[in-house]
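Chemist: Numbered by mature numbering (1 follows the signal peptide of the UniProt record, and there is no 0), the letters in the sequence shown go through residues -34 to -1, 1 to 741 in order.
Just so you know, even glycine gets a beta-carbon here, dropped at the ideal spot from N, CA and C.
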Amino acid sequence: MINRQSLLRFAHKFNLILLIIATVFCLWSNAAFAHRPHDVISQLEVSPDFQTDNTVYILVRNNFYKSRDGGSNWTRLIQGLDYTGELSSLSLSPLNKNILYLASRSDGIYKSEDAGESWQKVNQGLETKFINFLEIAPSDPNIVAAVGLEKGVYLTEDGGKNWSNIFPTTALITSLAITPNNPDRIFFGDEQGKLYSSSDGGKTWQNLPLPANVGAVDTIAFSPNLDSDKTFFVGTKEAGIFKTVDDGKTFQVVNEGIKDKIIEDIVISPQYAQNSTLYAITWYEGMYVSQDGGKSWTKMSEGLTKDKQADDYKVPHFMDLKIVQDTMFLGGFNGLFKTTDSGKQWQEIETLARGTVIAMAVSPNYAEDGTVVMANYVGNIFISRDKGETWTPINRGLEVYRLGKDPEESGQDPRRFFDIAFSPNYGEDRTIFAGFLRNKFAKSDNSGDFWKIIEIDEGVRGPRIVPSPDFAKDKTLFLTNQQGRIFRSTDGGNTVKNISEVGRISGNYAPAMVASPDFAKDKTLFVTGKEGIYQSVDGGLTWKNVSQGTPLSKTPNVQLAMSPNYPSDGTIFAGTISGLFVTKDGAKSWTKLEKPGFNPQASVETIAISPDYANDRTVIVSLQGNGLFKSTDGGETFKSIGDPKIPLVKIHSIPSSGISVQFSPNYAQDKTLFGFGGAKTTVFRSTDGGETWTSVTIPPHAEENTPRYKIGEFFSGPLGTILRVVIPILLAIAAYFLVGFLKLEKVINLPKSFFRMAGAFMVFLFVFFAIISQV
């Protein structure tokens, strides 16, 4: 007779088996990933009317973004911002919320008088275009001070119309500030720990007595009542915070409670006279608050996160703080953080969205199938089969577990896309290719219903995918990358082999590659590499530099676009950060277009050529900060088209091979163009040759409606078919031995072998049919 205690022992042991099985399945559950890509927020500003307009501005990875709802949604603003280097500093007038100044380390200073919607350069009098930071006088929006990477301190008193050098120096200046109520009082600090002040608008200067060996002076913050309380604070690189209550005659250190002495920012409460409150931002720790005028400090960094890459790059984890009553924003290497309770709890808010579009392709069979695909920054590929009206994620086979871990991005989502391309024979073979940031690309031969992952080589970063125009017959696919290595596949992309090299391109840019429309006969390719543009006439085996002796050999980020009639007209356009070039003799010579109808020194971010170029002679270029220009005479002259506020250039500092403006293959009939470049998962479309544009935005986080992966995806494909049987067998064998330890034969009078075989059989069936149900 079976007693109750025996049954309990049996149930306990049987539950152990089920627990083991459940554990195996839990191992296949979705992984959680740290925030990556990180949204490096180098500077931010908050509207002086934030309580009513909820407006925030940020510099995020060298892009200028604006939010009108307190950071929930962002817009990328580009009109007039034709910079080619790094955006370094942003300043907003507290008296006029429409006036902003923006500095760059390449193109000088920009000014906006419409709350950032459009910008104009204001560089008259500047001796350098490499500006590190600037500051608007709090009491007068026409007075602005700026610091160059060299040459010293500049000042304008007429809203940027004219600048004068008020402190020539070769020292590296590290901080700048103008007092709240007197625009003539200007302060700056340098990397040697020296602090200077002027009380007459920069005509004369005095060195204030900071202690020695404090490191660089990184920030200066004034009491709102400086005129009466004579109080300001100085943050240093090595010695923490110093306070003066006698207008800079003497300083005392005020670090009690602060462990991290590298001070990045200090912000003083507007009600300092009443509450004695101020805030300090440190390199590693985040925010500290003092409610006794700096005598003691309390860390308030709950919810702030860090990324180890900040340490790798030797840059601060936390940088810039802005406060509006209980609401605060803090920018850092790992993103933008917000608190609505004066810093008790911080929450990261998304700025540079994972859904940002980085690449797009239009089906060669578009006239019949209306198909467009696009890849976003992280996590998803979308397809439209109705000419861009609606979009569906196509991610089966791209699940995280299939991609494995990236040793350089440990713990991060590896689905960083870089490029996407159709097979030229898509109408027949239904093949699409997608490139990842590192080491891999994907192929689908069923219009994206399922993807196969193909390994390239370890260390390969940033592929561009170029199928042979004769792909239907030669099954040839080329991949180049930031390292300048040329890979080729001759089996439709199932395997690839490194066949040659052209040298690493400079900077974090994507390489360009184009193939001759008559590749089957001429085997001609062009690619950008270490020293400009290279040509191959043997299918990529050997290369010749065809840009030596021209500016193209020394210019980074060259864009290439080839005429569909290249075999007869020899035409290729090359876009650079300093203008547009063309060859009409197959790259034997290059000519810069000096009077194209736009600034000949403009940064050409994208070039697109009409598929009907032989008849319509149409070329479209997208210029950084200046919108689209169109030529209908083969590039001789261009005119502005569309709305320059529409961002049809790739997001800065997100490297990708995407081409941000693309023609419909049926352009001669439908006049359709597609584009991308906004802050959201947005696709732009024109059906009148680029004159007007409409947009379709996929709702944020639409990918959350599609699981990252299903168990069934793990068991798809040839290897998956084998695993469907092997894994149940292995678990059944384990169950066979485990059941033996349960000694069930002592509970029920049956042979021990019976229980072992029965247990193994049940486990096999359970696991096998569980897998089959998911496939």
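1) Quick check on the burial criterion: 16 or more other C-beta atoms within 10 angstroms. Buried or exposed for Thr170?
2) Do you know whose CA, among Tyr579, Lys596, Ala580, lies nearest Ile586's CA?
3) Might you give, ordered along the chain, the residues of its own chain that have their beta carbon closer than 6 Å to the beta carbon of Thr243, omitting 5 neighbours on each side?
4) In three-state terms, what does DSSP make of Arg(-31)?
5) Applying the criterion that 16 or more other CB atoms from any shown protein chain within 10 Å of the CB defines a buried residue, is Phe399 buried or exposed?
6) Is Ile139 closer than 8 Å to Val113 when the C-beta atoms are compared?
7) Would you report the Cα separation of Met340 and Ala325, rounded to the nearest angstrom?
8) Between the beta-carbon of Ser555 and the beta-carbon of Ala481, is there less than 8 Å?
9) If we count Cβ pairs, one from each stretch, closer than 8 Å, do we get three or more for the segment 426 to 442 versus the segment 387 to 404?
10) Pick from Leu43, Glu365, Glu571: whose alpha carbon is nearest that of Asn29?
11) Given a cut-off of 8 Å, decide if Lys441 and Asp457 are closer than it, judged by their beta-carbon atoms.
12) Rounded to whole angstroms, what is the Cα-Cα separation between Pro104 and Leu142?
13) Where does the unbroken alpha helix (DSSP H) through Ala486 begin, and where does it stop?
14) Go ahead and pull the three-state DSSP assignment for Asn62.
15) Kindly indicate which three-state DSSP category Lys77 falls into: helix, strand or coil?
16) How many whole angstroms separate the CB atoms of Trp249 and Ile228, which I take to be in contact at a CB cut-off of 8 Å?
17) Let me check understanding here. Comparing Cα to Cα, which of Tyr332, Asn342, Tyr367, Thr197 lies closest to Gly354?
18) DSSP three-state call for Thr197: helix, strand or coil?
19) Residues in the same chain with beta-carbon distance under 6 Å from Asp654, minus the five sequence neighbours each way, listed in chain order, please.
20) Classify Phe734 as helix, strand or coil using the three-state DSSP reduction.
21) For Ser389 and Ile347, what's the separation of their Cα atoms in angstroms?
22) Measuring alpha carbon to alpha carbon, tell me which residue in Thr537, Glu204, Ile452, Gly118 is nearest Gly504.
23) Could you say which of Gln86, Gly36, Leu526 lies nearest to Leu47 if we only look at CA atoms?
24) Looking at the secondary structure, which residues open and close the alpha helix (DSSP H) in which Glu334 lies?
25) Hey, how far is the Cα of Thr271 from the Cα of Ser606?
26) Looking only at DSSP bridge pairs, what is Ala634 linked to?
27) Between which two residues does the beta strand (DSSP E) containing Asn29 stretch?
28) On the DSSP bridge list, what partners appear for Glu314?
29) Give the secondary structure of Lys441 by DSSP, where H, G and I count as helix, E and B as strand, and everything else as coil.
30) Taking the continuous beta strand (DSSP E) assigned at Tyr245, which residues delimit it?
31) For the segment 471 to 480 against the segment 415 to 425, are there 3 or more C-beta pairs whose distance is under 8 Å?
32) Less than 8 Å between the beta carbons of Lys77 and Val88, yes or no?
33) Check whether the segment 605 to 619 touches the segment 16 to 36, taking contact to mean three or more Cβ pairs, one atom from each stretch, closer than 8 Å.
34) Where does Ser194 land, buried or exposed, given buried means 16+ other C-beta within 10 angstroms?
35) For Phe416 and Glu365, what's the separation of their Cα atoms in angstroms?
36) Between which two residues does the alpha helix (DSSP H) containing Arg454 stretch?
Modeler: Concretely, from the data shown:
1) Under this definition Thr170 is an exposed residue.
2) Taking only the C-alpha atoms, the option nearest Ile586 is Lys596.
3) These residues qualify, in order along the chain: Ser235, Gln257.
4) Because the pLDDT of Arg(-31) is 47, which lies under 50, any placement of that residue in the model is unreliable, and the number read from its coordinates should be weighed accordingly. Reduced to three states, the DSSP call for Arg(-31) is helix.
5) For Phe399, the number of other beta carbons within 10 angstroms of its own is at least 16, and it is reported as buried.
6) Taking C-beta atoms as the reference points, Val113 and Ile139 count as a pair closer than 8 Å.
7) Take the alpha-carbon of Met340 and the one of Ala325: they are about 6 Å apart.
8) Contact: no.
9) By the Cβ test, the segment 426 to 442 is in contact with the segment 387 to 404, since at least three Cβ pairs between them sit closer than 8 Å.
10) The residue with the shortest Cα to Cα distance from Asn29 is Leu43.
11) Yes, Cβ-Cβ distance for Asp457 and Lys441 is below 8 Å.
12) Each residue's Cα considered, the two are about 13 Å apart.
13) Run containing Ala486: 485 to 488, per the alpha helix (DSSP H) assignment.
14) Residue state for Asn62 is assigned as coil, using DSSP reduced to three classes.
15) Lys77 falls in the strand class under three-state DSSP.
16) Right, their Cβ atoms sit about 4 Å apart.
17) For Gly354, the nearest C-alpha among the options comes from Tyr332.
18) The three-state reading of DSSP puts Thr197 in coil, since its state is none of H, G, I, E or B.
19) Closer than 6 Å at Cβ, skipping near neighbours: Lys637.
20) Three-state result, Phe734: helix.
21) If I take the Cα positions, the gap works out to 16 Å.
22) What sits at residue 504 in the sequence shown is Asp, not Gly. Per the Cα distances, Ile452.
23) Considering only alpha carbons, the answer is Gln86.
24) Segment 332 to 335, the alpha helix (DSSP H) holding Glu334.
25) The alpha-carbon atoms of Thr271 and Ser606 are separated by roughly 44 Å.
26) Partner(s): none; Ala634 has no beta bridge.
27) Per DSSP, the continuous beta strand (DSSP E) segment holding Asn29 begins and ends at 29 to 33.
28) Per DSSP, Phe303.
29) Judged by DSSP in its simplified three-state form, Lys441 adopts coil rather than helix or strand.
30) That run of the beta strand (DSSP E) goes 244 to 248.
31) Not touching, per the Cβ criterion.
32) Contact: yes.
33) Flag = yes, the segment 605 to 619 and the segment 16 to 36 touch.
34) Exposed, since its Cβ has fewer than 16 Cβ neighbours within 10 Å.
35) Answer to the nearest angstrom: the Cα atoms are 11 Å apart.
36) DSSP places Arg454 outside any alpha helix (DSSP H); the residue lies instead in the beta strand (DSSP E), whose first and last residues are 451 to 455.
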